[in-house]
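> The listed protein sequences derive, respectively, from chains A and B.
Under this note's numbering, the first residue of the first sequence carries the number 14, and numbering increases by one thereafter.
Under this note's numbering, the first residue of the second sequence carries the number 14, and numbering increases by one thereafter.
Backbone N, C-alpha and C define an ideal beta-carbon position, used for all residues, glycine too.
Before I ask anything, let me first share the structure, which is written out below as structure tokens.
2 protein chains.
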Amino acid sequence: MTDGRLTSQPANPAIMRGIRTVLLERGSATKAELSRSLQISFPTAGKFLDDMEIRGEAISVGYDESSGGRRARRYRYDPDYVHGLAIFLEKDETRYLLFNCLGEAIEQGYEDSILDEDASRLTDLIGRIKQAHPKLRSVSLGVPGAVNDGTIFLIPSYEKYRNFDLKSFVQQRTGLPAVVENDMNAAVLGYIARAKLEDRSTVVYLYLGQNGPGAGIVVNGEVVRGKSFFSGEVAFVPVRDRGNFAEALKEGESARTEAIGRLIASTASILNPHYFVFNKGEIGEAMLEPILERAAAYVPREHLPKLAASELRGDYLAGLQSLGLGLLLSQTDG
Amino acid sequence: MTDGRLTSQPANPAIMRGIRTVLLERGSATKAELSRSLQISFPTAGKFLDDMEIRGEAISVGYDESSGGRRARRYRYDPDYVHGLAIFLEKDETRYLLFNCLGEAIEQGYEDSILDEDASRLTDLIGRIKQAHPKLRSVSLGVPGAVNDGTIFLIPSYEKYRNFDLKSFVQQRTGLPAVVENDMNAAVLGYIARAKLEDRSTVVYLYLGQNGPGAGIVVNGEVVRGKSFFSGEVAFVPVRDRGNFAEALKEGESARTEAIGRLIASTASILNPHYFVFNKGEIGEAMLEPILERAAAYVPREHLPKLAASELRGDYLAGLQSLGLGLLLSQTDG
DNA sequence: CAAACTTATTAAACAACTTTAATAAGTAAT
DNA sequence: ATTACTTATTAAAGTTGTTTAATAAGTTTG
């Protein structure tokens, strides 16, 4: 080693991630608390935290009350140590939001949609934001299409982006770690994060849409993609003797309620999810009880999911933030 | 340290499990192959393998052909180093099968059903088998009810076992690690293992039954249990305007084919599974094409699962064996 | 308020892996 | 057969964690 630093740890990513997570989840922690909750030894917790304090990543906030002996020093995370960028690629426009580790907005804006144009306009945008905000360390991209491991597989009306590895493209052009996710999948992850549901929950998030319904589905805490990225295409569920779910939706209030009730009954019998979430703008709180009633005609009430009406855009954003935060937390900054 | 052994490793369970898995999957391996495929250093692979050879767990089978330099020594796993026991708790009888690490049968037998009686008769049986077969190191129990982490939550007509922690009971009474799983869940896991599907597959295994249908469902390689252990209760899926899947099944050949087609369409739209498997005794190979045809009326063919007719009892057994093998592989024998 | 106790932190010894260097056992060409 | 090369194995150092011991900083009690 050529430099004269005394503390030096190659920063085990699992431990770094654990400390950051605990510090952010609990607001603050002592070395002993970190050691206990992460199942690492006290000296290890101490070394990592000391390093983080030197870098300015962790900040001491004084001492705990004594519990009979020497008082423990307490630390918190600097939520502005790094920032993340969420970008919504939509039909009409491209929105972006820069956020800190607590999910607080730093800056936001929008541009004309990038979907009809070249992806290099996207990396240009990210490059400009990076210039202005050197703390930027992650990019989360939400797209209206099927995504697997950063590659877009299906994206109706934007053939140009089909089979395009957007994640690698952005990472190489910007030098920032990126994550790409489908809009409804991001929304369901965001709902789970915002509602603080337990990890490994099973949740269905339904969006009715003008161009037909779709759902984001998480089972045991993991996004379901399926064999041909067709999962969540609930438009095709044959809820009636003639006509599928999409068709039934078009036939007025009563048929719609019945169709949704049957869809819930179907998912309850197959997946038995903990939650079934609607876009509040489409299905308000007042509709939940009537819908539940219809579903209960098919499946015993105790096995039906809890219904919820939530704000889709907020959940979508929370999902992209949560995915970006995941990248921030496991970073092993040089 | 008081004994004079030269080699001594506290047997890191992850490494032990990895070496055993590779050795069994590939039939044999060299130290360099283990090091590469497990991402551990060569010296570590060597130390663990040497220890295993001393214990008789691994066996040297000579040297590889030279690839230009010194020849590498090749090792295989002794499939009879430890044995597992699978027990099927069924209505009419209790079957058991003792097997080795390759899944080969060592001994099998049956007794009157234990479900109407006390669980201690089960531990007595295990105790007797353990006496006769000292290599026994794991017990897998298949039960016709909903199970979560070893506890039976729902078990129709055997109230005595409801909310009973069968896993802990067996582990404490016999001193053997145990795993408890529902019959259809075990079957779907067994199918995945026998068909060598890739990990993280999504598969639905349908059983029609006399007392109504049920399914075992695996998503992304993990068993789906749901919020109230109701997942897979496809009897309740409202496939028609009046009447659910169970009712439609009762109305003759044509209605049955249509109902199954709709169920497949529903699961395809929701989960988009890779495989949809039938019990060969109920739905033969010849029925697969007509059923697929019906499903294709609702969902584009490329998004439908591959249909298969398989032997349910064999899959069930394979599932219990696979779960038991999991216990055997991660054991850190004293 | 000083001894006895509690709890937090730091330091030293230990453990188990990885990396690098040395040695062993081959092959191929002269 | 000897030299040059290749690959496997073993040995020695180096890393990064854990465990145990020592020290620091409190509280409580006679």
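Which residues, taken in chain order from the segment 194 to 222 of chain B, show a beta carbon closer than 7 Å to some beta carbon of chain A?
Taking 7 Å as the Cβ-Cβ cut-off against chain A, the residues of the segment 194 to 222 of chain B that qualify are 215.
> Quick one: does residue 240(B) have its CB under 8 Å from some CB of chain A?
By 1-based counting over the second sequence, the position of residue 240(B) is 227. At least one chain A Cβ lies under 8 Å of residue 240(B).
> Assuming residue 90(A) and residue 36(A) are in contact, meaning their beta carbons sit under 8 Å apart, how far apart are those beta carbons, in whole angstroms?
Along the first sequence, read from residue 1 onward, the residue named residue 90(A) stands at position 77. Along the first sequence, read from residue 1 onward, the residue named residue 36(A) stands at position 23. About 4 Å separates the two Cβ atoms, so the contact holds.
> Tell me whether residue 122(B) sits in a helix, a strand or coil according to DSSP, three-state version.
By one-based count along the second sequence, residue 122(B) stands at place 109. The answer is strand: DSSP assigns residue 122(B) an E or B state.
> Looking at residue 191(B) and residue 332(B), is the spacing between their C-beta atoms short of 8 Å?
If you number the second sequence from 1, residue 332(B) lands on position 319. If you number the second sequence from 1, residue 191(B) lands on position 178. No, Cβ-Cβ distance for residue 332(B) and residue 191(B) is not below 8 Å.
> Residue 249(A) lies in the beta strand (DSSP E); which residues open and close that run?
Reading the first sequence from its first residue, position 236 is the one you call residue 249(A). Segment: none, residue 249(A) is in no beta strand (DSSP E) and carries neither H nor E.
> Start and end of the beta strand (DSSP E) containing residue 90(A)?
The count along the first sequence starts at 1 and reaches residue 90(A) at position 77. It spans 86 to 90 - the beta strand (DSSP E) in which residue 90(A) sits, taken as one unbroken run.
> With a threshold of 8 Å between beta carbons, is residue 153(A) in contact with chain B?
Here residue 153(A) corresponds to residue number 140 of the first sequence, with the count starting at 1. With 8 Å as the cut-off, residue 153(A) does not count as an interface residue toward chain B.
> Find the residues of chain B that neighbour residue 249(A), judging by a C-beta separation of less than 9 Å, and give them in chain order.
Within the first sequence, residue 249(A) is the residue found at index 236, counting from 1. In chain order: 278, 279, 281, 282, 311, 312, 313, 316.
> Does the contact criterion of 3 or more C-beta pairs under 8 Å hold for the segment 201 to 215 of chain B versus the segment 172 to 187 of chain B?
No, the segment 201 to 215 of chain B does not touch the segment 172 to 187 of chain B.
> Per DSSP, which one or two residues make a beta bridge with residue 307(B)?
Here residue 307(B) refers to the residue found at position 294 when the second sequence is read from its first residue. Answer is none; residue 307(B) lacks a bridge partner.
> Going along the chain, which residues of its own chain have a beta-carbon closer than 6 Å to the beta-carbon of residue 291(A), five neighbours each way excluded?
If you number the first sequence from 1, residue 291(A) lands on position 278. Excluding sequence neighbours, residue 291(A) sits near 219, 322.
> Measure the Cβ-Cβ separation of residue 273(B) and residue 318(B) and say whether it is below 8 Å.
As a working mapping, residue 273(B) is identified with position 260 in the second sequence. As a working mapping, residue 318(B) is identified with position 305 in the second sequence. No.
> Enumerate, from N- to C-terminal direction, the unbroken beta strand (DSSP E) stretches of 3 or more residues contained entirely within the segment 175 to 247 of chain A.
Within the segment 175 to 247 of chain A, the complete beta strand (DSSP E) runs of at least 3 residues are 191 to 195, 216 to 220, 227 to 232.
> Is there contact here, the segment 137 to 145 of chain B with the segment 60 to 75 of chain B, by at least three beta-carbon pairs under 8 Å?
Contact between the segment 137 to 145 of chain B and the segment 60 to 75 of chain B is absent, because fewer than three Cβ pairs lie under 8 Å.
> How about residue 230(A): is its C-beta nearer than 8 Å to some C-beta of chain B?
Reading the first sequence from its first residue, position 217 is the one you call residue 230(A). Yes, residue 230(A) counts as interfacial toward chain B.
> What separation, rounded to the nearest whole angstrom, lies between the Cα atoms of residue 161(B) and residue 110(B)?
What you label residue 161(B) is simply residue 148 of the second sequence in a count that begins at 1. What you label residue 110(B) is simply residue 97 of the second sequence in a count that begins at 1. Each residue's alpha carbon lies about 23 Å from the other.
> Let's test the definition: count the other Cβ atoms within 10 Å of the Cβ of residue 80(A) and tell me whether it reaches 16, buried, or not, exposed.
Taking the first sequence and counting its residues from 1, the one referred to as residue 80(A) is at position 67. The residue is exposed, with fewer than 16 neighbouring Cβ atoms inside 10 Å.
> Can you tell which of 133(A), 188(A), 225(A) has the C-alpha that lies nearest to the C-alpha of residue 173(A)?
For the purposes of this step, residue 173(A) is taken as the residue at position 160 of the first sequence. Checked all of 133(A), 188(A), 225(A); the closest Cα to residue 173(A) is 133(A).
> Residue 92(B) to residue 196(B), Cα distance in whole Å?
Locating residue 92(B) in the second sequence gives position 79, where the first residue counts as 1. Locating residue 196(B) in the second sequence gives position 183, where the first residue counts as 1. So the two alpha carbons sit approximately 26 Å from each other.
> Could you please tell me which residues of the segment 146 to 177 of chain B, in chain order, have their CB closer than 8 Å to any CB of chain A?
Residues passing the 8 Å Cβ filter: none.
> Less than 7 Å between C-beta atoms, sequence neighbours within five positions excluded: which residues of the same chain meet that for residue 246(B)?
Your numbering for residue 246(B) matches position 233 in the second sequence. Hits under 7 Å: 227.
> Determine whether the Cβ of residue 292(A) lies closer than 8 Å to any Cβ atom of chain B.
Indexing the first sequence from 1 puts residue 292(A) at position 279. No, no contact with chain B.
> Quick one: complete alpha helix (DSSP H) runs, 4+ long, within the segment 24 to 85 of chain B?
Within the segment 24 to 85 of chain B, the complete alpha helix (DSSP H) runs of at least 4 residues are 26 to 39, 44 to 51, 55 to 68.
> Hey, would you say residue 101(A) sits closer than 8 Å to residue 163(A), going by beta carbons?
Residue mapping note: residue 101(A) aligns to position 88 of the first sequence, counting from 1. Residue mapping note: residue 163(A) aligns to position 150 of the first sequence, counting from 1. Not a contact, by the Cβ cut-off of 8 Å.
> Between which two residues does the beta strand (DSSP E) carrying residue 106(B) extend?
Here residue 106(B) refers to the residue found at position 93 of the second sequence. 106 to 112 is the extent of the beta strand (DSSP E) around residue 106(B).
> Among the candidates 31(B), 97(B), 39(B), 40(B), whose CA atom is the shortest distance from the CA of residue 57(B)?
Here residue 57(B) refers to the residue found at position 44 of the second sequence. That would be 31(B), whose Cα lies nearest to the Cα of residue 57(B).
> Who are residue 321(A)'s beta bridge partners in DSSP?
Position 308 of the first sequence, counted from the first residue, corresponds to residue 321(A). DSSP lists 290(A) as partners of residue 321(A).
> Is DSSP giving residue 332(A) helix, strand or coil here?
Your numbering for residue 332(A) matches position 319 in the first sequence. Helix, per DSSP.
> Does the CB of residue 1(B) have a neighbour CB from chain A at under 8 Å?
The structure shown does not extend to residue 1(B), since chain B is modelled only from 14 through 347, so no value can be given for it.
> Tell whether a beta-carbon distance below 8 Å holds between residue 215(A) and residue 231(A).
Position 202 of the first sequence, counting from 1, holds the residue named residue 215(A). Position 218 of the first sequence, counting from 1, holds the residue named residue 231(A). Yes, these two residues count as a Cβ contact at 8 Å.
> Under 8 Å between C-beta atoms, does residue 112(B) make it to chain A?
Translated into positions along the second sequence, residue 112(B) becomes position 99. Judged by the 8 Å Cβ criterion, residue 112(B) is not in contact with chain A.
> Let me see if you follow: with CB-CB separation under 8 Å, is residue 54(A) close to chain B or not?
Reading the first sequence from its first residue, position 41 is the one you call residue 54(A). False, the Cβ-Cβ gap to chain B never drops below 8 Å.
> Closer than 8 Å, CB to CB, is residue 26(A) near chain B or not?
For the purposes of this step, residue 26(A) is identified with residue 13 of the first sequence, where counting begins at 1. Answer no: the Cβ-Cβ gap between residue 26(A) and chain B never drops below 8 Å.
> Name, please, each residue of chain A whose Cβ falls closer than 7 Å to the Cβ of residue 303(B).
In the second sequence, residue 303(B) corresponds to position 290, counting from 1. Per Cβ cutoff of 7 Å: no residues; residue 303(B) is ~17 Å from chain A at best.
> Could you tell me whether the Cβ atoms of residue 85(B) and residue 27(B) are closer together than 8 Å?
Numbered from 1 along the second sequence, position 72 holds the residue referred to as residue 85(B). Numbered from 1 along the second sequence, position 14 holds the residue referred to as residue 27(B). In this structure, residue 27(B) does not lie closer than 8 Å to residue 85(B) by Cβ.
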